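**Q**
Residue numbers (this note's numbering): -18 to 149.
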């Protein structure tokens, strides 16, 4: 089953040319309630103290650098394995993968690693994000010779219906 996730993530990456140099894997995993997918990446924070400012000014000045590794893991809720038929499951999972890949492309993981007050200044799920997510998902559907979805609201309604049916 994890082979299908690997195959599908490669198809999804065709709509994300900026992520070609990144290592991204995908697999099924037990996730919490109301969670269809999650992305995990390594984010390191370095704090550099400037000794000159301590000795001359008597104040501590430091700079913080955030380094993001270029390897990510996308986890899909294992309850989605129950979705039948296979081509329907593929579309559901590719929609979730598209959402997570867009988070990677927008560098939202480094934003989430910041302090809460700074994180609130950058809203992650704005209407442009949803529009971009739908556009990328329709690109993937076009590659698979499937008609595009017209509205993001219809897509979300279908997702919630599946989640309710599978008790996610």
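Backbone N, C-alpha and C fix where the C-beta goes; we use that ideal spot for every residue, glycine too.
If you're wondering where the values come from, they're calculated on a predicted model, not measured in any experiment.
With a cut-off of 8 Å on the beta carbons, I'd call residue 77 and residue 0 a contact; round off their distance for me.
**A** For the purposes of this step, residue 77 is taken as the residue at position 96 of the chain shown. For the purposes of this step, residue 0 is taken as the residue at position 19 of the chain shown. About 16 Å; that fails the 8 Å criterion.
**Q** Counting pairs of Cβ atoms below 8 Å between the region -2 to 14 and the region 26 to 38, do you hit three or more?
**A** Counting Cβ pairs under 8 Å, fewer than three are found: no touch.
**Q** Whose C-alpha, out of 72, 88 and 148, is nearest the C-alpha of residue 115?
**A** As a working note, residue 115 is residue 134 in the chain shown. Checked all of 72, 88 and 148; the closest Cα to residue 115 is 72.
**Q** Residue 2 by DSSP, collapsed to three states: which one?
**A** For this step, residue 2 is matched to residue 21 along the chain shown. Residue state, collapsed to three classes: coil.
**Q** Is residue 54 closer than 7 Å to residue 121 when the C-beta atoms are compared?
**A** By 1-based counting over the chain shown, the position of residue 121 is 140. By 1-based counting over the chain shown, the position of residue 54 is 73. No, the pair does not count as a contact, with Cβ atoms beyond the cut-off.
**Q** Could you tell me which residues DSSP puts in a beta bridge with residue 28?
**A** As a working mapping, residue 28 is identified with position 47 in the chain shown. Residue 28 is bridged to 45.
**Q** Could you tell me whether the region 55 to 67 touches the region 27 to 41, where touching means 3 or more Cβ pairs closer than 8 Å?
**A** Because the criterion of three Cβ pairs below 8 Å is not met, the region 55 to 67 and the region 27 to 41 do not touch.
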